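In mature numbering (1 follows the signal peptide of the UniProt record, and there is no 0), the protein residues as written are -4 to -1, 1 to 487. The beta-carbon is built from N, C-alpha and C at its ideal position, and this holds for glycine as well. In this text the structure is predicted, and so the values were computed from the model without any measurement. To start, the structure under review is shown below, and the notes come after it.
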Amino acid sequence: FCSALVQRDRRFPDDFLFGTATSAYQIEGGWNVDDKGENIWDRMMHTNPDAITDRSNGDVAADTYNNYKRDVEMMRELGLDAYRFSLSWSRILPNGLANKVSDAGVAFYNNYINEMVKYNITPMATLYHWDLPQKLQDLGGFASPLFPEWFENYAKVAFAQFGDRVKHWITFNEPREICYEGYGHFTKAPILNVTDVGTYYCAKHLVMAHAKAYHAYNDIFKPTQGGVCGITISVNWLGPLTDSEEDFFAAEIRRQAEWGLYAEPIFSEKGGFPQELSKIVARKSAEQGYPTSRMPAFTEEERKYVRGASDFFGVNHYTAFLISANEYKVNWPVPSVFADVDAGLTMLPEWEKAVSVWLRRAPHSIYKALMHLHKKYNGPIFYITENGWSQIPEDGCEDDARIRYYRAALNSVLDCLDAGVDLRGYMAWSLMDNLEWMEGYTERFGLYEVDFASPKKTRTPRKSAFVYKHIISTRTIDPDYEPHTRTMWID
Ligand code: GBH
């Protein structure tokens, strides 16, 4: 029973959506064209360049603002079914609030979306991929209880402007990265590092904002537009290091803190924040002298409003970590989310390393993560909305490590489909090299290389682009396929 043969024979369904993903700030540039407002990444990168590995910023990035036709041409070259991109809030609403809609901002996205639709590429739009209007940050951002209202109003503008063509909506990209990294830590804008309550306050308001946008779509737009609205959560596989009961419990608590905070209120039957973690935080908060738990509660009404408020579960998946109750601990600030969890984490040395410190090719990690969610949340509809591999710029276009990664990942996707997981699509991160946040342009995730030094930001397909194209067109993974040319074509 030869596994290579089994793999060769397995097919992706014809209606499975193969795509790639990007986000506005990472590719668009045009940071101050027309009436676009300033966002928190514009502000942070301009005022605090030392925080960025190469002191770069997204002022121009891959200049998709001027190159969107070339981007769509690349989608056609790859033969993509779908493309996931994000809308820049401050490009559409320069004032952050919905009193004034920018004609130029709307025109840009209309052109971009129309170009995709013209070539039968399904647009999948993320409303928020980390670029909050600076003014709303000044007013408290996600820590403000007004945030859900601001977001709902922005979402309604987007649904009204683009919903005739966009049928797949994602409210937020990666709540964990927004809330933990931006509010509870210092690895994403607005680098608040409010360790005790930042993550938890943000989580509550983010989840409420998601639910408000979802209900607005459901009540006002879905009846005529007929699309779906979900959320994308980063779910790396987090399993126990050993078979001990302690490690099992530690892994569960770590999962609750990493993604349960955002998934549990929306996808669990009961709703509300994860139970064990809530208890731990409540107990520690009392010991630490806080008058109430550092993790805010949902009222009964809120719990019901949020529970079930999603048409699908978007998963960004990259890697796996092993969790230990006693080993590999670091000195987290006290109090903080990961001090609340109080567990250590590690990766195995035999897992192949990418350039990003957090990224390795961990075996079957997609399968483990999705099977876990599938069982826990009673078989929701899934999309994998990101999955990808990084290299240094100097590694160029012969990216065999990325090809190994994608083949393994997609094989794991086939395992999920065989096991009955309702997985409808897969978006590779990323269509092209882009601004990798705090790492600037030093880490590259693209199927296409971008020459950032060239005036046109020239895009060149890597070897992995040809392999992905072949997988999409044949609907199978041929482990021996070798592209015979490095010249791209459109089928
Ligand atoms: C995604 O996040 C993002 O959605 C996307 O914008 C990004 O370009 C892509 O990944 C590649 O990074 O610096 O060691 O503290 C993926 C999940 C989790 C990856 C947090 C970076 C930072 C860890 N991210 N992680 S560290």
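- Of the candidates Leu413, Lys465, Ile380 and Phe462, the residue whose Cα lies closest to the Cα of Arg80 is Ile380.
- Excluding sequence positions up to five before and after Phe244, its CB lies within less than 7 Å of the CB of Pro236, all in the same chain and listed in chain order.
- Following the DSSP letters along the chain, one finds Arg161 in no alpha helix (DSSP H), marked with neither H nor E.
- A contact between stretches requires three or more CB pairs, one per stretch, nearer than 8 Å, and the segment 49 to 58 meets this requirement with the segment 11 to 29.
- In the DSSP assignment, Gly194 falls within the unbroken alpha helix (DSSP H) covering Gly194 to Ala212.
- One alpha carbon belongs to Tyr21, the other to Asp127, and they sit about 7 Å apart.
- For Val113, the uninterrupted alpha helix (DSSP H) run begins and ends at Asp99 to Lys114, by DSSP.
- Segment contact: the segment 238 to 252 against the segment 196 to 212, fewer than three CB-CB distances shorter than 8 Å; contact not assigned.
- For Ala424, the enclosing beta strand (DSSP E) begins and ends at Leu419 to Trp425.
- Exclusion of the five residues before and after Gly180 leaves Val190, Thr191, Gly194, Thr195, Ser332 and Val333 as the residues of its chain whose Cβ lies within less than 7 Å of its Cβ.
- DSSP places Thr220 inside the alpha helix (DSSP H), whose first and last residues are Lys218 to Gln221.
- Tyr61: not part of any beta strand (DSSP E); member of the alpha helix (DSSP H) spanning Thr60 to Leu74, first to last residue.
- Ala185 sits in coil when the DSSP states are folded into three classes, being neither helix nor strand.
- Between the C-alpha atoms of Gly267 and Arg299 there is a straight-line separation of about 6 Å.
- For Leu89 against Val153, the beta-carbon gap comes to about 7 Å, under 8 Å, which counts as contact.
- Under the DSSP definition of a beta bridge, Ala78 partners with Gly15 and Thr118.
- For Thr49, the CB stays at least 7 Å from every heavy atom of ligand 1.
- Taking each of Asp474, Trp255, Asp99 and Cys225 in turn and checking the Cα distance to Ala404, the smallest one comes out for Asp474.
- Counting along the chain, no alpha helix (DSSP H) covers Ala316; the unbroken beta strand (DSSP E) around it starts and ends at Ala316 to Ser320.
- Its chain contains Ile48, Asn53 and Gly54 as the residues whose beta carbon lies nearer than 7 Å to that of Met41, once the 5 sequence neighbours on both sides are disregarded; these appear in chain order.
- Scanning its chain for C-beta atoms nearer than 6 Å, with the 5 sequence neighbours on each side dropped, one finds around Asp447 the residues Thr454, in chain order.
- Segment contact: the segment 89 to 104 against the segment 458 to 473, fewer than three CB-CB distances shorter than 8 Å; contact not assigned.
- Residues Pro144 and Glu148 of the same chain have their beta carbon placed closer than 6 Å to that of Lys208, with the five preceding and five following residues left out of the count.
- Taken in chain order, the unbroken stretches of beta strand (DSSP E) that lie wholly in the segment 224 to 301 and span 3 residues or more are 224 to 230 and 233 to 236.
- Annotated three-state conformation of Lys349 is strand, per DSSP.
- CA-to-CA, the gap between Asp395 and Arg279 works out to about 49 Å.
- Just so you know, the alpha carbons of Ser86 and Leu132 end up roughly 10 Å apart.
- In this chain, the alpha helix (DSSP H) harbouring Asn407 covers Asp396 to Asp414.
- Ile227 is not a Cβ neighbour of Ser140, given a cutoff of 8 Å.
- Here the C-alpha atom of Lys372 lies approximately 8 Å from the C-alpha atom of Ser264.
- For Val463, the enclosing alpha helix (DSSP H) has its first and last residue at Lys459 to Thr470.
- Val446: member of the beta strand (DSSP E) spanning Tyr444 to Val446, first to last residue.
- Leu355 is a Cβ neighbour of Ser386, given a cutoff of 8 Å.
- Contact between Ala339 and Arg250 is confirmed by a C-beta separation of about 5 Å, below the 8 Å threshold.
- Ile174 and His480 have their C-alpha atoms spaced approximately 42 Å apart.
- Shown here, Trp354 sits in coil according to DSSP, grouped into three states, outside any helix or strand.
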